[in-house]
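*Asks:* Before anything else, here's the structure in question.
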Amino acid sequence: MFFIIDILGTIAFAISGVLVALNKRMDAFGILIIAFVTAIGGGTLRDLLIGNTPVSWMLNMTYVYVVIGSTVIAIVLRSKIDYLRTHLFLFDTIGIGLYTLIGIDKGLGAGLHPIICIALGTMTACFGGVIRDILCNEIPVVFRKEIYATACIMGGVSYFLLRKLPIQEDYVFLGSGLIVIVLRLLAVRFKISLPSFYRDEVS
Amino acid sequence: MFFIIDILGTIAFAISGVLVALNKRMDAFGILIIAFVTAIGGGTLRDLLIGNTPVSWMLNMTYVYVVIGSTVIAIVLRSKIDYLRTHLFLFDTIGIGLYTLIGIDKGLGAGLHPIICIALGTMTACFGGVIRDILCNEIPVVFRKEIYATACIMGGVSYFLLRKLPIQEDYVFLGSGLIVIVLRLLAVRFKISLPSFYRDEVS
Amino acid sequence: MFFIIDILGTIAFAISGVLVALNKRMDAFGILIIAFVTAIGGGTLRDLLIGNTPVSWMLNMTYVYVVIGSTVIAIVLRSKIDYLRTHLFLFDTIGIGLYTLIGIDKGLGAGLHPIICIALGTMTACFGGVIRDILCNEIPVVFRKEIYATACIMGGVSYFLLRKLPIQEDYVFLGSGLIVIVLRLLAVRFKISLPSFYRDEVS
Chain A
25 MFFIIDILGT IAFAISGVLV ALNKRMDAFG ILIIAFVTAI GGGTLRDLLI
75 GNTPVSWMLN MTYVYVVIGS TVIAIVLRSK IDYLRTHLFL FDTIGIGLYT
125 LIGIDKGLGA GLHPIICIAL GTMTACFGGV IRDILCNEIP VVFRKEIYAT
175 ACIMGGVSYF LLRKLPIQED YVFLGSGLIV IVLRLLAVRF KISLPSFYRD
225 EVS
Chain B
25 MFFIIDILGT IAFAISGVLV ALNKRMDAFG ILIIAFVTAI GGGTLRDLLI
75 GNTPVSWMLN MTYVYVVIGS TVIAIVLRSK IDYLRTHLFL FDTIGIGLYT
125 LIGIDKGLGA GLHPIICIAL GTMTACFGGV IRDILCNEIP VVFRKEIYAT
175 ACIMGGVSYF LLRKLPIQED YVFLGSGLIV IVLRLLAVRF KISLPSFYRD
225 EVS
Chain C
25 MFFIIDILGT IAFAISGVLV ALNKRMDAFG ILIIAFVTAI GGGTLRDLLI
75 GNTPVSWMLN MTYVYVVIGS TVIAIVLRSK IDYLRTHLFL FDTIGIGLYT
125 LIGIDKGLGA GLHPIICIAL GTMTACFGGV IRDILCNEIP VVFRKEIYAT
175 ACIMGGVSYF LLRKLPIQED YVFLGSGLIV IVLRLLAVRF KISLPSFYRD
225 EVS
């Protein structure tokens, strides 16, 4: 079950990378790298920061094959991919729910403070997109719009709150993952975003 | 004493990140990440390169709290922060003096060559700002203007020269830290900057 | 022999960094950092991902001296460097051939899958340039033009194919290194590049 969500999330992330790279007129190599970085960049940064090397994707070829396959299919079907937009959005949203929890789990495994674990979860879910945007010479979209990272942080906080209740570990995972997903869906549905505090008075 | 300088430096770095992020119209999450990266990015890169993981800030929550606190206060007081510009500049300058020495110390602890130690010191002091600028889609300001990194390099060189003299370790630290601070103050006061060798003849 | 190629490659990479930094009007510190990152960035990223820390260049001062020397010479001779363009192109091309093999070798040493080893080889050869372009606020040129990375990937694939034949290890290295070099030369000579699949129909 977790495995299927993980793969669907990886596919959604890789395809989102392909779409950005196509619009930047990159060649086939560039598209593959951007797809790869979007799908596994967050987990890679997390692994580097906690010293979990070689990083995860080097030891599990599944991700590599899934990203390469998704990239080839997305390139071939590029003119039809708009029809899948809603599905991809759902996969992506479910993906960040799971990735947040994977990041928290790795942080707990390394004996780190809950706040650091939540940061690692958010990083796992969001920083693939950050690295994608940097490689594409854009200010990361997650820093500017939508409650994307915030949903991950809220889900992470919920995880540590739910853990204090007399609930089975599985339900704690399920509950906090769902909170990420529901917050993200609500934010997109009702166009909720964080304040930006831009100072007009500044030169 | 060192601890207070470290905290003041962290505050100055975090606030400088907040100001850049505000001008880039980032949302609250983006502002927090930029503040964080500016304050702890240099030390994080240093820790990664020498294999010191989990990286320092994951093991010491003080930095996390200081950055979050500074960010909230800087956002709230954003219209008044210009009045603090001189104080922030001083904290920042004292901060890079200390950070240079912390980086050198970590390099020595890993048994590395003095040149590498000086590079690690400069990285600790300057690369938070470099990562901040990359995330904000700017060419890093430290590569273009002001004797900022150069002050750190000079302070690092002084450290290894002073160590050869019959001086107590504490005074070696103090002396080379002061050299960083004084050079930076002089460079800003007299608008000294490095040459840039731009070639007009190049197409 | 390998050592000389390695040094020539490092010189070519460092000078390519200097040229980009000069055109971006960076100061002396910026130029040095860009030269350094171009020359050793790919190997550094590889070392970080496989957990080989402190990263290679911190333990072998040769690279540091070669980069600093190349940078100083390139700045001094900047108005004459166009005459060396063909030599630099050759050094660079031979360099990526060797770097690809060094990356593969490190991957094998860490017991990683052949596909990961090829990725590490390509990373060693190409990602110094990627980091250089990010620091200079450009979309990495290797993602957009020329069969550069592709030559490295083909060379890497050849390495694993040739290894299955009853050929001495030395000749396997030589053969696959030559494939990288010849493919790159052919691609530049005949202006071959990868397709980019840019979608005009996308808004």
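Residue numbers (this note's numbering), protein chains in the order written: chain A, 25 to 227; chain B, 25 to 227; chain C, 25 to 227.
Positions of the beta carbon are idealized from the N, C-alpha and C atoms, including for glycine.
1. For chain B, check one thing: does any of its Cβ atoms lie closer than 8 Å to the Cβ of residue 47(A)?
2. On a CA-only basis, which of 204(A), 171(A) and 211(A) is nearest residue 52(B)? Give me that one, please.
3. Quick one: Cα of residue 103(B) to Cα of residue 97(B), how far?
4. Quick check: what's the CA-CA separation for residue 203(A) versus residue 89(B)?
5. Any contact between the stretch 41-56 of chain A and the stretch 54-63 of chain B? By contact I mean 3 or more CB pairs, one from each, below 8 Å.
6. Whose C-beta lies closer than 7 Å to the C-beta of residue 152(A) among residues of the same chain, with five residues either side of it excluded?
7. Which residues mark the beginning and the end of the alpha helix (DSSP H) in which residue 140(B) is found?
8. By the DSSP assignment, the alpha helix (DSSP H) with residue 200(A) in it spans what residues?
9. What did DSSP end up calling residue 40(C) once you bin it into helix, strand or coil?
10. Could you spell out the range, first to last residue, of the alpha helix (DSSP H) harbouring residue 87(A)?
11. Please list, in chain order, the residues of the stretch 62-81 of chain C that have any C-beta partner in chain E closer than 9 Å.
12. Is the CB of residue 157(B) under 8 Å away from at least one CB in chain A?
13. Alpha carbon to alpha carbon, how far is residue 17(C) from residue 162(A)?
14. Would you decide whether residue 123(B) is buried or exposed? Buried here means 16 or more other CB atoms lie within 10 Å of its CB.
15. Please check if any C-beta of chain A sits within less than 8 Å of the C-beta of residue 34(C).
16. Using DSSP with H/G/I as helix, E/B as strand and the rest coil, what is residue 75(B)?
17. Select from 78(B), 144(B), 47(B) and 80(B) the residue whose C-alpha is nearest the C-alpha of residue 81(C).
18. Identify the continuous alpha helix (DSSP H) that holds residue 178(C) and give its terminal residues.
19. Name, going along the chain, the residues of the stretch 121-153 of chain A whose beta-carbon falls closer than 9 Å to a beta-carbon of chain C.
20. Quick check on DSSP: helix, strand or coil for residue 80(A)?
21. So with Cβ pairs under 8 Å, would you call residue 109(B) a contact of chain C?
22. Return the Cβ separation of residue 76(C) and residue 130(C) in integer angstroms, given the expectation that the two are a contact with Cβ distance under 8 Å.
23. Buried or exposed, going by whether 16 or more other CB atoms sit within 10 Å of the CB of residue 208(C)?
24. Distance cutoff 8 Å, beta carbons only. Does residue 115(B) sit that close to anything in chain A?
25. Here's a check: name, in chain order, each residue in its chain whose Cβ is nearer than 7 Å to the Cβ of residue 117(A), leaving out the five neighbours to either side.
26. List the endpoints of the continuous alpha helix (DSSP H) containing residue 109(C).
27. Identify, in the order they occur along the chain, each residue of the same chain with its Cβ nearer than 8 Å to the Cβ of residue 167(A), setting aside the five sequence neighbours on each side.
28. Between residue 38(C) and chain B, is there a C-beta pair that is closer than 8 Å?
29. Please confirm if residue 163(C) has its CB atom under 8 Å from at least one CB of chain B.
30. Starting from the C-beta of residue 99(A), find all residues in its chain whose C-beta is less than 7 Å away, skip the five residues before and the five after it, and write them out in chain order.
31. Relative to the alpha-carbon of residue 200(A), which residue among 189(A), 179(A), 190(A) and 159(A) has its alpha-carbon at the smallest distance?
32. In angstroms, rounded to a whole number, what distance separates the CA positions of residue 218(B) and residue 214(C)?
33. For the putative contact between residue 32(C) and residue 135(C), defined by C-beta atoms under 8 Å, what is the C-beta separation to the nearest angstrom?
34. To the nearest angstrom, how far is the alpha carbon of residue 160(B) from that of residue 193(C)?
*Replies:* To lay it out plainly:
1. no
2. 171(A)
3. 11 Å
4. 25 Å
5. no
6. 37, 61, 62, 63, 64, 65 and 66
7. 138-159
8. 193-213
9. helix
10. 85-100
11. Among the chains of the structure shown, chain E does not appear; the protein chains present are A, B and C.
12. no
13. There is no way to answer for residue 17(C), as the model of chain C reaches only from 25 to 227.
14. buried
15. no
16. coil
17. 144(B)
18. 173-186
19. none
20. helix
21. no
22. 7 Å
23. buried
24. no
25. 205, 208 and 209
26. 109-133
27. 154
28. no
29. no
30. 42 and 55
31. 179(A)
32. 42 Å
33. That belief does not hold up - the Cβ atoms of residue 32(C) and residue 135(C) are roughly 31 Å apart, past 8 Å.
34. 47 Å
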